[in-house]
Amino acid sequence: MKLLMRFLRASASLKLTIFCLSAALVLVFAGTLAQVKMGLYLVQEAYFQSWIVWWTAPSGNFSIPAFPGGHLIGALLLINLIASLITRHIWSWKKLGIQLIHVGIIIMLAGGLATDLFSVHSFMRIKEGETKNYSEDSVRMELALIDHSDPEAEQVTAIAGERLADGGTIKHEALPFRIEIRGFYRNSGLQMISAQGGAAVPASTMGTGKRLAVKSLPRATRMDERDVMSAVIEIIPEGGQSLGTWLVSDSLAAAQEIEIAGSRWSVQMRPARYYNPYSLELLDFTHETYPGTQIPKNFSSKLNLVDAENNDSRQVLIYMNNPLRHQGATYYQSGFEPDNSGTVLQVVRNPGYQAPYIACVIVSLGLIYQFSIHLIGFARRRKTSTAP
Amino acid sequence: MKRFGPYLVLLVFLLWLASSWRAPRAKPGDFDLASFDRIPVLVGGRIKPLDTVARNSLLILSGKQSLRLEQDGKKIKMPASRWLADVLFNPEVADTYPVFDIANPEMLGMLGLPDSGRRKCSYQELKPHIAKIDEEGKLAGELQATQRTPFQSAAFNLRNSLFLYQRLKSSVHQEGTKDFAKEIKTYADAVAAGVEKLRESNEALDKDRLMLLRGAVARYQAQSEFAYMLMIAPPAGGGEGDWLSTGDALMRVKSVATVPPSVYAFAEMGDAFRAGDTAKFLLVTREYADWLNTEHPEWASRTTFELRFNHIEPFYGSMVLYVAVFLLACFSWLVMPQGLRKTAFLLLLLAFAIHTFGMFARMYIQGRPPVTNLYSSAIFVGWGAVLLGIVLERMFKDGIGSAASGVVGFTTLVIAHHLGSSGDTLEMMQAVLDSNFWLATHVVVITLGYSAMFLAGMLGIVYLLLGLFTPLLTRDTAKALTRMVYGITCFALLFNFVGTVLGGIWADQSWGRFWGWDPKENGALLIVLWSALVLHARWGGYIRERGLMAMSIVGNAITAFSWFGVNMLGVGLHSYGFMDKAFPWLVGFVISQFLFVALSRLPARFWRSFRGAQQRDLNAVGFQSATTQS
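Protein chains in written order, with this note's numbering: chain A, 10 to 397; chain B, 737 to 1366.
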């Protein structure tokens, strides 16, 4: 107990607060400038959602820890705040504001951490008249293997893209074959091999990849670009001969059909999907502009929500700054198909989304309280000092 | 005299302002544009008076709101709307006006002009090079703004300017049209005859009329695709989406009776203008403007108000006043402390009143909260800082609040002036930003936070300069300044924190993420972290008076980075375009702030105010009197 108190006293030090705030300043500043070269997504990973920021030598041979990352600074600050709340600020009316501010910041930091760890962002693209019951991840990919042997229902086995990066052999009880990873490209470009052949090497021995060459590209950094993941996989049925290699890639829109052990399968690299127990049908998408200009005024999607489980079916309208919240997911108007024929909704599942709202109210109350005390005291002092 | 002196000065400035509020009068023999100026048209999604269109267009092309010409050996200043009238109705003459501002030496070289610095070219001079400019500008347009060389930027801008100029010329009718009113009548008659023929016997028109119709329709089609302004107001009851270009309006005509009155009005205006008939021009413009007044009183009253706002130029007036306030407040520390300080304060109130009027006028015209883009943020940052400065001056009565307000008010308005050179500053809001609630809360609160940071930083600089170079910084003054900076930093933390969190909540409401590490968000976070750092360092006793001042000056640099710097990175959701011209200024400002910080680190013996207590007491007459007598 004594030891705990000593630890708390030490972590409540104002010096630690100053250190955390200064480190956060440097990190945020550096992380902002780094976005010019690395782009927002990679910077987030390397600077803000990490424990340590690594510095890689220009030659790329080795990395050394260069600076505390966002998670480390945030965690230190959290400990510092909690410790100081327990040990330093003795409860009193005069310090109520300070207490509130720190409680609020604790909630905000904790909420931020929860969001970083548990929130899931995905997109739902629907064309007018189309119905969808799943959304797609904007970053993560999956290798989908679909068994068509049952005419009633397709059976889908999905392998996370990250697993492919590890290479090696993949086996699964639902699959009557094993998969050998023969090549993996986090970001890639595909090119048609011309009739003359040339120097290009076909990416695979079977399927679409026979006519394509694949090459590795540096990771995408611009806001409007994303990585194109590709892999070359070899399929070997249980106790049988290899069927050859296939190229699967994010930029190949269509699934490739393979005949394996007498039944029909298709394989496809696609954005990771999240299925919902309800579906959305796009009735109408509108894109308004200001008269005589191309400046967008509003985008809105009229949808039919069908939730059989909860007997909840209704028409909903999603537009800018007016999302739909349903069963823990929130749907935002995010974009549209180039010819206005469909809509793109951003789907967010974030269990910690209420934390900033609560924190904001608490901190504001605390700041206003403390500020008012200050101002009143100040005005009183001035009155007494100017009085004769 | 001593009592009334300050009010007398105030009166003089009031009269000076009032004299500039009158609408300019036409010279005898020239066209009277008073009614022409207030005619509403629709450009960029907003209904505005022709005067605004003229000023903004000329600003984009030439960087000025009026045109300087040499006519018959005399230098004259032509108002923007007079230039616009020529562009619309008499393009051959307008083509000879030097309006295209070209400063890039390479560009001047390409145009075969002497490389003797910046100059203004006329359309006629540029005409032989249009193909080349078009090609270079198009190439530059394929690059990101941050990647363009100065020459490419110049080519890109010049191409845009030429495009705008051509579109302006096609707003009423195609170039080279002579007798538009007659043309319309012939065309409408032909259409009516055609309709009649079709109804009677299903037989086509005679060949001549058919050819005329075909030619006219092709012309009107081209005009409507190219027109910059939608000039034809819908009949009473119509909405903003019902405005048409003249070409579009004419293509919908069925007979003479169905030609919209607006088309006729512009045709007659043009014909009178080309004929040099000033009386007829005045009559037609006045009749048309009055007709719109009765058809669309709501639009007309707004455009009339906007025209008055254009004439008053409130921000120019307050800019001049802020300089006077600053000078008077500074002098008050040397001579006549009472009178000058009071005069400065009265003028500060006047400047603030005009500043406020200008801001509210913009809000009324646009129907939006005060901050909608960078330009209006500059106006609002200045406004907030001056408001805080007035409060400080009321409390401390030592001239410091007035002086700091004067500097911040003037500087922010100068910044606003330069930000406004890209055209209409009352632009329509993109769909994401189209939320008056969030614009009024998040944006206003965070911008007030900027104001507080700049005012605190300015007070830090006042402390430094007074202490280092003058004997005026007495213990009392230093204490007062410390209290001011401390209080304002608390205020800044409150507003920046609340504003940043509100921004996060807006983002959560519209994109589903509270925080995305976008540069603008990071900029706001930097300010919050910095003010928290300042306050904690102060509470912990790690910094004292001078440390607090030095940190508040660093706050200036951080706030400037977060306000403008992050927009120049060219990444993220908040980047409103690259401002290459502003970049050196920003760098210069940040460097200057760090130089101030370096100066503030000088040991106490270098500070004139701190050199020996006795000497200080003897020298400290100015301030003592200012603080104790009030």
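Glycine included, every Cβ here is placed at the ideal spot set by N, Cα and C.
For residue 347 of chain A and chain B, any beta-carbon pair shorter than 7 angstroms?
Chain B, which has no Cβ nearer than 7 angstroms to the Cβ of residue 347 of chain A, makes this no.
Starting from residue 305 of chain A and walking both ways along the beta strand (DSSP E), at which residues does that stretch end?
From DSSP, the beta strand (DSSP E) with residue 305 of chain A extends over 305-316.
Are any of the Cβ atoms in chain A nearer than 7 angstroms to that of residue 1086 of chain B?
With 7 angstroms as the cut-off, residue 1086 of chain B does not count as an interface residue toward chain A.
In chain order, which beta strand (DSSP E) runs of at least 3 residues are fully inside the stretch 1105-1134 of chain B?
None, since the stretch 1105-1134 of chain B contains no complete beta strand (DSSP E) of that length.
Based on DSSP bridge pairs, tell me the residues matched to residue 328 of chain A.
Paired residue(s): A:309, A:331.
Decide if residue 1197 of chain B is buried, meaning its Cβ has at least 16 other Cβ atoms within 10 Å, or exposed.
With 16 or more Cβ atoms within 10 Å of its Cβ, residue 1197 of chain B is classed as buried.
Specify the secondary structure class of residue 1099 of chain B as computed by DSSP and reduced to three states.
Helix, per DSSP.
With DSSP as the reference, label residue 1026 of chain B as helix, strand or coil.
Note: residue 1026 of chain B maps to helix in three-state DSSP.
Taking the Cβ atom as the reference point for each residue, do residue 299 of chain A and residue 781 of chain B lie within a distance shorter than 7 angstroms?
Yes; because the gap between Cβ atoms is below 7 angstroms, this pair is in contact.
Under the DSSP definition of a beta bridge, which residues are partnered with residue 224 of chain A?
Partner(s): A:198.
Taking 7 angstroms as the threshold (C-beta atoms), are residue 1107 of chain B and residue 1372 of chain B in contact?
Nothing can be reported for residue 1372 of chain B: it is not among the residues displayed for chain B, which extend from 737 to 1366.
Apart from the five residues just before and just after residue 791 of chain B, which ones in its own chain have a Cβ nearer than 6 angstroms to its Cβ?
Closer than 6 angstroms at Cβ, skipping near neighbours: 801, 816.
Leaving out the 5 sequence neighbours to the left and right, which residues in its chain are closer than 6 angstroms to residue 1313 of chain B when beta-carbon positions are compared?
Reliability of the predicted coordinates at residue 1313 of chain B is poor, the pLDDT of 46 falling under 50, and the value obtained from them is presented with this limitation in mind. Around residue 1313 of chain B: no qualifying Cβ.
Buried or exposed for residue 210 of chain A, please, with buried defined as at least 16 other CB atoms from any protein chain shown within 10 angstroms of its CB.
It is exposed - the Cβ of residue 210 of chain A has fewer than 16 other Cβ atoms within 10 Å.
Looking only at C-alpha atoms, which of A:93, A:388, A:330, A:371 sits nearest to residue 1173 of chain B?
Considering only alpha carbons, the answer is A:330.
Quick check: residue 1120 of chain B and residue 1058 of chain B, are their CB atoms within less than 7 angstroms of each other?
In this structure, residue 1058 of chain B does not lie closer than 7 angstroms to residue 1120 of chain B by Cβ.
Can a CB atom of chain B be found closer than 7 angstroms to the CB of residue 112 of chain A?
No, no contact with chain B.
Using a cut-off of 8 angstroms between C-beta atoms, extract the partners of residue 1272 of chain B located in chain A.
Correct list: 23, 26, 27, 30.
In three-state terms, what does DSSP make of residue 133 of chain A?
Three-state DSSP puts residue 133 of chain A in a strand.
Could you check whether the Cβ of residue 1268 of chain B sits closer than 7 angstroms to any Cβ belonging to chain A?
Judged by the 7 angstroms Cβ criterion, residue 1268 of chain B is in contact with chain A.
Just the chain D side, please: which residues come within less than 9 angstroms of residue 1241 of chain B by C-beta, in chain order?
No chain D is part of this structure, whose protein chains are labelled A and B.
Under 7 angstroms Cβ to Cβ from residue 294 of chain A, same chain only, skipping five residues before and after it: list those, please.
Around residue 294 of chain A: 137, 310, 345, 349, 351, 352.
Go ahead and pull the three-state DSSP assignment for residue 1346 of chain B.
Note: residue 1346 of chain B maps to helix in three-state DSSP.
Any C-beta of chain B within less than 9 angstroms: which residues of the stretch 328-347 of chain A qualify?
Within the stretch 328-347 of chain A, the residues whose Cβ lies closer than 9 angstroms to some Cβ of chain B are 328, 329, 330, 331, 332, 339, 340, 341, 342, 343, listed in chain order.
Output needed in chain order: residues of the stretch 123-139 of chain A with a Cβ under 9 angstroms from some Cβ in chain B.
So the list reads 124, 128, 130, given in the order they occur along the chain.
Does the Cβ-Cβ distance between residue 832 of chain B and residue 807 of chain B come in under 7 angstroms?
Not a contact, by the Cβ cut-off of 7 angstroms.
May I ask you to list the residues that DSSP assigns as paired with residue 62 of chain A?
In the DSSP output, where bridge partners are listed per residue, residue 62 of chain A has A:76.
Between the stretch 88-95 of chain A and the stretch 48-64 of chain A, do three or more beta carbon pairs fall short of 8 angstroms?
With the cut-off at 8 angstroms, the stretch 88-95 of chain A and the stretch 48-64 of chain A do not touch.
Does DSSP put residue 1147 of chain B in a helix, a strand or coil?
Residue 1147 of chain B falls in the helix class under three-state DSSP.
Which full runs of the beta strand (DSSP E) of 3+ residues lie inside the stretch 904-959 of chain B, going along the chain?
List check, beta strand (DSSP E) in window: nothing returned.
Residues of chain A with a CB under 7 angstroms from the CB of residue 1171 of chain B: which are they?
Near residue 1171 of chain B (Cβ distances below 7 angstroms), the residues of chain A are 330.
Is the Cβ-Cβ distance between residue 159 of chain A and residue 281 of chain A less than 7 angstroms?
Taking 7 angstroms as the Cβ cut-off, residue 159 of chain A and residue 281 of chain A do not qualify as a contacting pair.
What is the rounded straight-line gap between the Cα of residue 1000 of chain B and the Cα of residue 917 of chain B?
Their Cα atoms are separated by approximately 6 angstroms.
Indicate the three-state DSSP secondary structure (helix, strand or coil) for residue 802 of chain B in the structure shown.
Residue state, collapsed to three classes: strand.
If the criterion is Cβ atoms closer than 7 angstroms, does the pair residue 1072 of chain B and residue 777 of chain B meet it?
Cβ distance not < 7 angstroms, so residue 1072 of chain B and residue 777 of chain B don't count as in contact.
Could you tell me whether the Cβ of residue 294 of chain A comes closer than 7 angstroms to any Cβ of chain B?
So no, residue 294 of chain A is outside the interface.
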